[in-house]
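Student:
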Amino acid sequence: MIRAHRGPAPERGEGELLFSSARLWRLTRGRGGRELTVLAPHLGGEVHAQAWIPEGPEPVPPHVDLWLNPPPGGFGDRLPALDYPLDELLFGQLLARGLGLIVHSTAVRVRGRGLLFPGTSGVGKSTLSQVLIDASDRGKMQEEESGIAGLEVLSDDRNVVRIIDGVPWVFGTPWHGDVDKVAGGGAPLERILFLEHAEKNRFRAIGGAEAAATLMARSFPPYWDPEQLDQAAELVERIVELCPPMRFGFVPDRGVVGALGLEEG
Numbered sequence: 444m445i446r447a448h449r450g451p452a453p454e455r456g457e458g459e460l461l462f463s464s465a466r467l468w469r470l471t472r473g474r475g476g477r478e479l480t481v482l483a484p485h486l487g488g489e490v491h492a493q494a495w496i497p498e499g500p501e502p503v504p505p506h507v508d509l510w511l512n513p514p515p516g517g518f519g520d521r522l523p524a525l526d527y528p529l530d531e532l533l534f535g536q537l538l539a540r541g542l543g544l545i546v547h548s549t550a551v552r553v554r555g556r557g558l559l560f561p562g563t564s565g566v567g568k569s570t571l572s573q574v575l576i577d578a579s580d581r582g583k584m585q586e587e588e589s590g591i592a593g594l595e596v597l598s599d600d601r602n603v604v605r606i607i608d609g610v611p612w613v614f615g616t617p618w619h620g621d622v623d624k625v626a627g628g629g630a631p632l633e634r635i636l637f638l639e640h641a642e643k644n645r646f647r648a649i650g651g652a653e654a655a656a657t658l659m660a661r662s663f664p665p666y667w668d669p670e671q672l673d674q675a676a677e678l679v680e681r682i683v684e685l686c687p688p689m690r691f692g693f694v695p696d697r698g699v700v701g702a703l704g705l706e707e708g
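Numbering (the numbering used here), first residue to last: 444 to 708.
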């Protein structure tokens, strides 16, 4: 539960600085919790919002207190609470307690199955998403041409992987990306395919250590916190054990649909 307040947060002392991006946000540790401060560069670096995240025996705190400072001129009585980047930063702080991993990736849900395509910037995540969307649309419009029935893009840039009751799941997020239409919710994760440029569509198996290192390198773990970083590494190891990844070199055309086995005539 998030309890929103209007105005400055109560003074808690200086605290231990865990991370600072200088102009955008900082994270400090105080007695009994952590304070996330989001700045407003366009207002001279003034504090835009502060969130107090209690620390306790449970990974999910019973509540988070959020203080919002309206800019000069204000919003009247309507003050947006979870605007960017506060929403992503706060969500990331909660996931960092071993609850999930934010992955730089494209993810799709096809007939109830989740496919995750982690990749670095420029490797073709959004391009692959658009190819699959186009194939899905053509399949719907042209009965004589097989297409992808029931395909939905969760996100073409950042997705969350969680393990729920021993099963890995993938969920989309509302941050970043170029695809116009994405779906809410998630799906059990069936395949993890690390994207690579290639002259033809091909798959290559990789070992557990390489798979874990590759997934970690395409994720956003809390590098500034040794304890939470260890939790993220343990989560990555469990994910690749439950859903062994492969490398997927692909050509950005409709042939990728057949290569992935997604056609349904």
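Glycine included, C-beta positions come from ideal geometry on N, C-alpha and C.
At the level of alpha carbons, what is the spacing between Pro664 and Gly704?
Tutor: Their backbone Cα atoms lie some 32 angstroms apart in a straight line.
Student: If you follow the alpha helix (DSSP H) that Leu685 is part of, which residue opens it and which one closes it?
Tutor: Where Leu685 is concerned, the enclosing alpha helix (DSSP H) stretches over Pro669 to Leu685.
Student: For Phe462, count neighbouring C-beta atoms within 10 Å of its own C-beta (all shown protein chains included) and say buried if the count is 16 or more, exposed if not.
Tutor: It is exposed - the Cβ of Phe462 has fewer than 16 other Cβ atoms within 10 Å.
Student: With 16 as the cutoff for other CB atoms within 10 Å, does Thr563 come out buried or exposed?
Tutor: It counts as exposed.
Student: With DSSP as the reference, please indicate the residues paired to Ile496 in a beta bridge.
Tutor: DSSP lists Arg477 as partners of Ile496.
Student: Which ranges would you report for the alpha helix (DSSP H) in the stretch 544-603 if only whole runs of at least 4 residues count?
Tutor: Here the runs fully enclosed are 568-584.
Student: Please report how far the alpha carbon of Arg474 lies from the alpha carbon of Gly499, in whole angstroms.
Tutor: Distance between the alpha carbons of Arg474 and Gly499: 11 angstroms.
Student: Just to confirm my understanding: we take Arg645, look at its own chain, exclude 5 residues before and 5 after, and list those with CB closer than 7 angstroms. What are they?
Tutor: Only Gly692 meet the Cβ criterion.
Student: Can you look up Pro484 in the DSSP assignment and give me helix, strand or coil?
Tutor: Three-state DSSP puts Pro484 in a helix.
Student: If you run the structure through DSSP and keep just helix, strand and coil, what is Phe534?
Tutor: In this structure, Phe534 counts as helix in the three-state DSSP scheme.
Student: Identify the continuous beta strand (DSSP E) that holds Leu511 and give its terminal residues.
Tutor: Looking at the DSSP string, the run of the beta strand (DSSP E) that includes Leu511 is Val507 to Leu511.
Student: Taking contact to mean at least 3 C-beta pairs separated by less than 8 angstroms, is the stretch 589-603 in contact with the stretch 612-621?
Tutor: Segments in contact, yes.
Student: Nearest-angstrom Cα distance between Gly708 and Leu532?
Tutor: Here Gly708 scores only 48 on pLDDT, less than 50, and its place in the model is too uncertain to base an answer on.
Student: So what's Ala630 in DSSP terms, helix, strand or just coil?
Tutor: Looking at Ala630 - three-state DSSP - the assignment turns out to be strand.
Student: Could you check how far apart the C-beta atoms of Arg472 and Thr480 are, in whole angstroms? I think they sit under 8 angstroms.
Tutor: That pair is no contact at about 12 angstroms.
Student: My assumption, with CB atoms under 8 angstroms, is that Met659 sits in contact with Ala676. Please give the rounded CB distance.
Tutor: Met659 to Ala676, Cβ: 7 angstroms. Contact.
Student: Under 8 angstroms between the Cβ atoms of Ile606 and Arg661?
Tutor: The answer is no: Cβ separation not under 8 angstroms.
Student: Taking the beta carbon of Asp608 as the centre, do at least 16 other beta carbons fall within 10 Å, making it buried, or is it exposed?
Tutor: Answer is exposed; the Cβ neighbour count stays below 16.
Student: For Met444, name the three-state secondary structure that DSSP assigns.
Tutor: Note: Met444 maps to coil in three-state DSSP.
Student: Tell whether a beta-carbon distance below 8 angstroms holds between Ser548 and Leu537.
Tutor: Going by C-beta atoms, Ser548 is not nearer than 8 angstroms to Leu537.
Student: By how many angstroms is the C-alpha of Ser569 removed from the C-alpha of Asn512?
Tutor: When rounded, the distance between both Cα atoms is 35 angstroms.
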